[in-house]
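In my numbering, the protein residues as written are 258 to 917. Think of the CB as a built atom: it goes at the ideal place given N, C-alpha and C, for glycine as much as any other residue. To start, the structure itself, in structure tokens.
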């Protein structure tokens, strides 16, 4: 529960519009210390439910003195301020004043030192017109002046006060970008966010970060979580191919079915609830894509096809009350559904970069809980349950206790799983796992990059499109690059999108340092077909343009020693290469290329997911990302693994002699 007013604030009411309202009454004394009441971080006001006229307000005590609050010396009675105000409660007009402040109990508001006492939701329909608060101050609408209604102040709970807000510089830029191109997004798939992009902002509790090859991530993190499922498993990936990972998925489903059958035999059928399993993918083979239906409803595989897909037969699953549906979506010519995520019981979720496929690539995965899981379910429902209509999902009422609540990395070693654990981390293996359980909940966005029917090939006149589609994910990346202050760190399989290169170059020219870690010859045919260029050619162009910017800065400085021209930031580019010692012993677990997608800006904005910084991801594929705001983020576990797996492609800055 949220912090309530330590001393009640009474609000007098008038029964007639013409009756003057009594002033707001102040408490007799101030509390000993605001922190003792657990005043939460400021969040964003919102309207919900049937109370459509409810709006959140910040109750402020204006103090006549500018002394910093001292929790050891309570304010004396005369120090109580002369007035109380109800300020509209938004992330942009208040929270920005709190950022960087040592104490969140005091802020400067309207030129006065203000003690933030509490936040309350006010029902505007009960505000009499002549109450001392004009109706325009609390929102649109005019209440009946002759109707006596109580003036209600409802303190907001701690869960409601959890900060959903990103810093306004980024958030406002992102929202403006999306709203300015709203018309272009109306036919995107999905488009549930188009009219209210703010609805994508939520929170999550990060639980783990894992890097390694795809098979190790499934073995160690994802499949043990599936074994603990009680009501529902949603597995969404892009590519589905015969592989060690697919074999492990089949074994996991069979083991889960065996356990459930044993329980049914000993305790009866009602001892286990039905388990919904949904497996969704986009690409299985060349012919599957050529002949795939174009419908957004996709193609549901009959039970007879499951063994061909590497899955257990229907009879095995039905005997364990497991209800499996396997579905695919694909749109010609190149529009794969590229997102990858797993949701278990609607309580826990993981977003890996890896497919269910045979490639041994360097991958990553984030596990999380909290409200962001519901956002991920919403994305799933709008894509893979398209046209099914509203329904009650079993996971919505899953009991939060017991094994189902175990977080990533907390699986009991006596679960009896048949898949072996991954090898321990050392200097040679790529596998690393880091627990994030100690991190508090953080502002989060689940960012779709929707499928768009107009891919826009600039070399084909009929389909020419210069600007990239404005999707939540694309817009977030461009907003992050535009708002970056000190450094941008990028890990991407490919880099062929000109829009991205232009944004990175603009950041460099503002003095922001940029580090790029990518693969050199990964999926060359796809790069040429979708972008008519390659990562190497794109990077070569970036280096040349950066060198020109540095030369221009040097020229201005030589002409005018006092020139105020911004010094460009440092540019560093690395190519992935396998670990030399692992390659020498032919380690089958050693990743041959990097497939991780990660962007870290100013060490506070972390973006992971399925989206590459190539033209295919930005123009033709459906993608999904998760953005977390974690100030002073130091958990970049991938850097540990990449340290012995990269080689320098370019490194330079103005004045170091590398610009030629």
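Candidates the options, of which the one nearest residue i by Cα
i: residue 956; options: 494, 533, 481 and 575; result: Since the first and last residues shown for the chain are 258 and 917, residue 956 lies out of range.
i: residue 755; options: 874, 605 and 893; result: 874
i: residue 479; options: 594, 568 and 601; result: 601
i: residue 800; options: 818, 906 and 768; result: 906
i: residue 866; options: 898, 468 and 771; result: 468
i: residue 529; options: 520, 634 and 794; result: 520
i: residue 615; options: 537, 536, 470 and 640; result: 470
i: residue 804; options: 820, 825 and 782; result: 825
i: residue 900; options: 823, 584 and 851; result: 851
i: residue 823; options: 809, 518, 582 and 627; result: 809
i: residue 622; options: 798, 815, 606 and 628; result: 606
i: residue 696; options: 627, 631, 752 and 688; result: 627
i: residue 894; options: 693, 802 and 561; result: 693
i: residue 729; options: 526, 450, 505 and 586; result: 450
i: residue 857; options: 516, 832, 704 and 747; result: 747
i: residue 744; options: 523, 764 and 517; result: 764
i: residue 855; options: 896, 511 and 474; result: 896
i: residue 831; options: 773, 707, 802 and 816; result: 773
i: residue 445; options: 522, 706, 532 and 560; result: 706
i: residue 594; options: 844, 757 and 538; result: 538
i: residue 475; options: 876, 462 and 505; result: 505
Beta-bridge partners of residue i, as assigned by DSSP
i: residue 584; result: 537 and 557
i: residue 465; result: 624 and 692
i: residue 606; result: 600 and 625
i: residue 833; result: 903
i: residue 909; result: 828
i: residue 744; result: 770
i: residue 493; result: 537 and 598
i: residue 639; result: DSSP, once it has assigned bridges, lists no residue as partnering residue 639.
i: residue 427; result: Bridge partners of residue 427: none, in fact.
i: residue 592; result: 588
i: residue 749; result: 775
i: residue 738; result: The partner list for residue 738 (beta bridge, DSSP) is empty, contrary to what the question assumes.
i: residue 808; result: None, per the DSSP bridge assignment.
Rounded C-alpha distance that separates residue i from residue j
i: residue 690; j: residue 813; result: 48 Å
i: residue 208; j: residue 792; result: This structure leaves residue 208 out entirely; the chain is present only between 258 and 917.
i: residue 547; j: residue 741; result: 42 Å
i: residue 911; j: residue 872; result: 30 Å
i: residue 885; j: residue 828; result: 25 Å
i: residue 870; j: residue 489; result: 33 Å
i: residue 879; j: residue 868; result: 9 Å
i: residue 716; j: residue 784; result: The predicted position of residue 716 is uncertain, since its pLDDT is 48 and thus under 50; no value can be drawn from it.
i: residue 837; j: residue 902; result: 8 Å
i: residue 619; j: residue 778; result: 14 Å
i: residue 487; j: residue 599; result: 14 Å
i: residue 608; j: residue 464; result: 12 Å
i: residue 839; j: residue 685; result: 7 Å
i: residue 579; j: residue 534; result: 7 Å
i: residue 612; j: residue 496; result: 5 Å
i: residue 427; j: residue 514; result: 47 Å
i: residue 759; j: residue 571; result: 51 Å
i: residue 642; j: residue 882; result: 20 Å
i: residue 638; j: residue 913; result: 53 Å
i: residue 739; j: residue 771; result: 13 Å
i: residue 558; j: residue 485; result: 26 Å
i: residue 631; j: residue 887; result: 20 Å
i: residue 437; j: residue 430; result: 11 Å
i: residue 375; j: residue 453; result: Any reading at residue 375 must be qualified, since the residue scores a pLDDT of 38, below 50, and its modelled position is unreliable; no value is offered.
i: residue 603; j: residue 768; result: 43 Å
i: residue 636; j: residue 549; result: 22 Å
i: residue 588; j: residue 787; result: 15 Å
i: residue 859; j: residue 582; result: 42 Å
i: residue 891; j: residue 795; result: 30 Å
i: residue 422; j: residue 736; result: 15 Å
i: residue 863; j: residue 523; result: 48 Å
Cβ distance (whole Å) where residue i is taken to contact residue j below 8 Å
i: residue 501; j: residue 472; result: 5 Å
i: residue 790; j: residue 749; result: Not really, about 15 Å apart at Cβ, beyond 8 Å.
i: residue 732; j: residue 434; result: 4 Å
i: residue 511; j: residue 573; result: 7 Å
i: residue 617; j: residue 458; result: That belief does not hold up - the Cβ atoms of residue 617 and residue 458 are roughly 37 Å apart, past 8 Å.
Residue-level contact to chain B via CB, residue i, 8 Å cutoff
i: residue 613; result: Protein chains in the displayed structure number just one, and chain B is not present.
Heavy atom of the ligand SAM within 7 Å of residue i beta-carbon
i: residue 454; result: The ligand SAM is not part of the structure shown, which contains no ligands of any sort.
Every unbroken beta strand (DSSP E) within the stretch 764-802, with a cutoff of 3 residues, ordered by chain: 770-775
Unbroken stretches of the beta strand (DSSP E), 3 residues or longer, contained in the stretch 847-900: 855-858, 862-866 and 880-886
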